[in-house]
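Encoded as structure tokens, the structure appears first; notes follow it.
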Amino acid sequence: MDWQFFLNSSATLLVSAFLLDLAVGDPRWLPHPVVLMGKFISRGERFLWSGAAGRDFFAGMALSLVLLTIVVGATWMVLYSVALLPPMIGFLLTAGLASTTLATRGLLDAIRQIETPLRSDNLVKARENLAHIVGRETATLNEDKILRASLESLAENTNDGIVAPLFYLFLGGVPMAMVYKAVNTLDSMIGYRSERYLYFGKFAARLDDVVNFIPARLTAFIMVIATFLVRLNSSLALRILRRDHGNHLSPNAGYPESALAGALAIRLGGPSIYFGIEVQKPYLGDDLAPVNIGMLKEARVLCLVTATLSLMTFALISMALP
110 MDWQFFLNSS ATLLVSAFLL DLAVGDPRWL PHPVVLMGKF ISRGERFLWS GAAGRDFFAG
170 MALSLVLLTI VVGATWMVLY SVALLPPMIG FLLTAGLAST TLATRGLLDA IRQIETPLRS
230 DNLVKARENL AHIVGRETAT LNEDKILRAS LESLAENTND GIVAPLFYLF LGGVPMAMVY
290 KAVNTLDSMI GYRSERYLYF GKFAARLDDV VNFIPARLTA FIMVIATFLV RLNSSLALRI
350 LRRDHGNHLS PNAGYPESAL AGALAIRLGG PSIYFGIEVQ KPYLGDDLAP VNIGMLKEAR
410 VLCLVTATLS LMTFALISMA LP
């Protein structure tokens with residue numbers, strides 16, 4: 110076997126990064142690029158935000174572009190340095206860096222950390238853990254709303270944390286995947302439609318809409334196929350996806366969320382509180398079955414199968430390309 114060709118293969122990198130993330134996730138002792146991005150965004154916001162609409166729009170755009178420039182430059186520097194090492198060591202370090210753009214293990218663990226206290230009737234702990242993965246306020250949510258919010262977040266993050274990074278890792282290697290994570294981090298921190306971020310985060314939010322346009326639709330399509338494989342309601346998942354994908358404040362999140370809603374025969378969306386203000390979110394799906402704790406496990410399995418099918422798709426395409 111030509112080991113040099115094997116190590117330089119895009120498919121090898123995709124599979125290795127995915128398996129590494131699934132196996133170890135994001136160890137707390139290891140500095141994570143997204144954490145560094147978050148610190149840069151927080152400090153930039155404190156320095157640049159003014160409260161003046163026009164100025165904040167351009168300040169937010171400048172912050173976004175500077176971060177993306179730094180991410181591209183730093184990633185290329187790391188990859189250049191790694192290329193000077195022995196091939197096997199260089200590959201392992203590159204795969205490790207690529208794995209930081211994925212969040213399969215982290216997402217599955219986050220849902221488990223909500224499910225476990227719910228099974229012990231500990232709503233307080235479940236709300237606390239849910240608050241780590243959603244932007245809405247969770248302090249007063251009952252079990253039903255905790256479950257629905259968890260499922261919505263799982264569906265959306267199947268795209269944001271798994272399929273989209275794999276897509277950009279396949280398309281442009283580690284630099285492009287890192288750029289995607291930077292855009293996604295910007296959106297998650299300043300891309301809200303609140304009074305503070307309406308203008309400051311507008312550029313970041315629109316940029317996130319652009320980079321997720323193709324991945325969100327791929328995620329939903331692959332999720333419908335995965336629904337068939339795990340013996341959930343694939344026909345309803347497809348019907349609800351076609352009917353309700355536009356019923357969302359985001360132009361992209363409605364795709365995976367509607368597919369999941371159909372797969373479980375439930376209704377997602379509805380009113381939620383963000384920054385003290387109730388937001389009327391459109392509904393997705395039909396309320397054909399009561400939401401229950403067991404659906405968290407079903408949705409985790411669906412997420413993992415969707416992720417695996419996505420990985421196989423991108424790896425096979427990269428192997429077929431010259």
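Converting from the sequence shown to the numbering used here requires adding 109 to each position, the first position being numbered 1.
By construction, the Cβ of each residue, glycine as well, lies at the ideal position given by its N, Cα and C atoms.
The model shown is predicted, which means the values in this text are computed figures rather than measured ones.
Local conformation of residue i per DSSP, three classes
{"i": "V320", "result": "helix"}
{"i": "M110", "result": "In this prediction, M110 scores a pLDDT of 48, lower than 50, which makes its location untrustworthy; the coordinate-derived value is nonetheless stated afterwards. DSSP places M110 in coil when its eight states are reduced to three."}
{"i": "D230", "result": "coil"}
{"i": "V333", "result": "helix"}
{"i": "Y308", "result": "coil"}
{"i": "T209", "result": "coil"}
{"i": "N238", "result": "helix"}
{"i": "M428", "result": "helix"}
{"i": "P142", "result": "helix"}
{"i": "A416", "result": "helix"}
{"i": "G244", "result": "coil"}
{"i": "T249", "result": "coil"}
{"i": "P360", "result": "coil"}
{"i": "P196", "result": "helix"}
{"i": "S151", "result": "helix"}
{"i": "I220", "result": "helix"}
Alpha helix (DSSP H) segment containing residue i, residue limits
{"i": "P380", "result": "First-last for P380: L377 to Y383, but that is the beta strand (DSSP E), not the alpha helix (DSSP H)."}
{"i": "L295", "result": "A273 to I299"}
{"i": "L345", "result": "S343 to D353"}
{"i": "V388", "result": "Not the alpha helix (DSSP H): V388 falls in the beta strand (DSSP E), residues I386 to L393."}
{"i": "S259", "result": "E252 to T267"}
{"i": "L130", "result": "Here residue 130 is Asp; the residue named in the question, Leu, does not match the sequence. Residues S119 to V133."}
{"i": "A184", "result": "The question names Ala, but residue 184 is Thr in the sequence shown. Counting along the chain, the alpha helix (DSSP H) containing T184 begins and ends at A162 to V191."}
{"i": "L397", "result": "That residue, L397, is in no alpha helix (DSSP H); it is neither H nor E in DSSP."}
{"i": "P365", "result": "G363 to L373"}
Residue from the options with nearest C-alpha to residue i
{"i": "F384", "options": "V243, D353, K290 and L263", "result": "V243"}
{"i": "G403", "options": "I386, A212, G160 and I223", "result": "I223"}
{"i": "L201", "options": "E265, V144, F166 and L128", "result": "L128"}
{"i": "T417", "options": "G378, I331, D396 and E246", "result": "I331"}
{"i": "L295", "options": "L275, F276 and D318", "result": "D318"}
{"i": "K406", "options": "S297, N251, W138 and L263", "result": "L263"}
{"i": "A362", "options": "V292, N268 and I386", "result": "N268"}
{"i": "E366", "options": "L411, A291, G169 and G205", "result": "L411"}
{"i": "I349", "options": "A314, R340 and D395", "result": "D395"}
Short Cβ contact (8 Å threshold) for residue i with residue j
{"i": "I323", "j": "S419", "result": "no"}
{"i": "A207", "j": "L260", "result": "no"}
{"i": "W158", "j": "F309", "result": "yes"}
{"i": "A398", "j": "I426", "result": "no"}
{"i": "G134", "j": "R214", "result": "yes"}
{"i": "N342", "j": "A368", "result": "no"}
{"i": "G153", "j": "L174", "result": "no"}
{"i": "L239", "j": "A258", "result": "yes"}
{"i": "P274", "j": "T184", "result": "no"}
{"i": "A291", "j": "L211", "result": "no"}
{"i": "V180", "j": "M298", "result": "no"}
{"i": "A370", "j": "L393", "result": "yes"}
Cα-Cα separation, residue i to residue j
{"i": "P431", "j": "S119", "result": "11 Å"}
{"i": "H354", "j": "L338", "result": "22 Å"}
{"i": "E304", "j": "T121", "result": "45 Å"}
{"i": "A248", "j": "S229", "result": "18 Å"}
{"i": "L345", "j": "A329", "result": "13 Å"}
{"i": "Y189", "j": "T209", "result": "18 Å"}
{"i": "T422", "j": "V400", "result": "32 Å"}
{"i": "H141", "j": "G147", "result": "10 Å"}
{"i": "M428", "j": "S125", "result": "15 Å"}
{"i": "P226", "j": "V191", "result": "43 Å"}
{"i": "T415", "j": "K234", "result": "29 Å"}
{"i": "L217", "j": "I382", "result": "25 Å"}
{"i": "L327", "j": "A219", "result": "23 Å"}
{"i": "M110", "j": "A325", "result": "Bear in mind that a pLDDT of 48 at M110, under 50, signals an unreliable position, so the model cannot answer this."}
{"i": "L413", "j": "L131", "result": "10 Å"}
{"i": "N321", "j": "G300", "result": "14 Å"}
beta-carbon residue i near the ligand ZN non-hydrogen atom, thresh 7 Å
{"i": "D269", "result": "By its list of ligands, the structure shown contains no ligand whatsoever, and the ligand ZN lies outside what it can speak to."}
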